[in-house]
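Reading through the structure tokens given below for one structure.
Numbering (full-length UniProt numbering), first residue to last: 1 to 254.
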């Protein structure tokens, strides 16, 4: 009996892209179900009753939540092709460390770098680039973080490429200029069909971001797929007033 694999997702989500890339690398066929985050499906609410967020991987009726956990699940279940984690216990621990580093740093700092002002903006901008530089050092001379092939760190990190133009424009920095080796890594990843066909269009995300800012008179937009918040220009605190991602997308379609 063939495995039944379903992915509950939302197209711009870098966290969902992680699973799309991993499943593509493994050659696993699956049913993609796009979620309306304004009207979450009963299946999503049932599958992830704690956080009620995407992505959710459903394998033979059993739900696996949280993207890094789901990545490891995919690697362990379909372990006959394209391993994402090393077999060596020490190397495995290091890969998990850096994947966790990406999870804790890149989104949060990227958001702060393009949604804050003054000293907070400067601090976030500096720390974001320091994180990229730390990752560049870890990459070293390897083609990928996983060595000769994509590993869990690559799959965890490269989905944020679609959001880098937003981070760079509104954060006022350039990854390409400051981290050329990291930028070369991105280009190598994009040569992989599993990556290029899974990533949302960078220009489309940026255009939507800018268009909504203009349409709603917004000064700041916090970009997080699944929990994006849009804050009004007159608010003295970026968290004072917000729209959910669902309202963000609804406004765009009007």
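Here a beta-carbon is modelled for each residue, glycine too, at the ideal position from N, C-alpha and C.
Under the three-state DSSP convention, the category residue i falls into
| i | result |
| --- | --- |
| residue 51 | coil |
| residue 63 | strand |
| residue 17 | helix |
| residue 168 | helix |
| residue 228 | In this predicted model, residue 228 has a pLDDT of only 43, less than 50, meaning its place in the structure is not dependable enough to derive any value. |
| residue 248 | Legend: pLDDT at residue 248 = 42, less than 50; position of this residue unreliable, value from coordinates given subsequently. In the structure shown, residue 248 sits in a helix (DSSP, three-state: H, G or I). |
| residue 32 | strand |
| residue 8 | strand |
| residue 45 | helix |
| residue 23 | helix |
| residue 57 | strand |
| residue 71 | helix |
| residue 38 | coil |
Any non-hydrogen atom of the ligand SAH within 7 Å of residue i CB
| i | result |
| --- | --- |
| residue 121 | Looking at this structure, you won't find the ligand SAH or any other ligand, since it has none at all. |
Contact under 8 Å by Cβ, residue i with residue j
| i | j | result |
| --- | --- | --- |
| residue 128 | residue 109 | yes |
| residue 65 | residue 106 | no |
| residue 14 | residue 174 | no |
| residue 186 | residue 158 | yes |
| residue 34 | residue 44 | no |
| residue 55 | residue 70 | yes |
Residue from the options whose Cα sits closest to the Cα of residue i
| i | options | result |
| --- | --- | --- |
| residue 146 | 74, 203, 79 and 98 | 98 |
| residue 208 | 166, 33 and 178 | 166 |
| residue 190 | 103, 144 and 179 | 144 |
| residue 172 | 68, 125 and 204 | 125 |
| residue 100 | 80, 72, 32 and 81 | 72 |
| residue 134 | 121, 149, 102 and 160 | 102 |
Stretch-stretch touch, CB-based, cutoff 8 Å, three pairs: the stretch 184-202 with the stretch 18-28: Counting C-beta pairs with one atom in each stretch, the stretch 184-202 and the stretch 18-28 have three or more that are closer than 8 Å, which means they touch.
The stretch 26-43 touching the stretch 4-11, judged by at least three CB pairs closer than 8 Å: These segments touch.
The stretch 102-117 in contact with the stretch 50-61 per 3-pair CB rule at 8 Å: no
Runs of beta strand (DSSP E) wholly within the UniProt domain "GST C-terminal" (88-212) (minimum 3 residues, chain order): none
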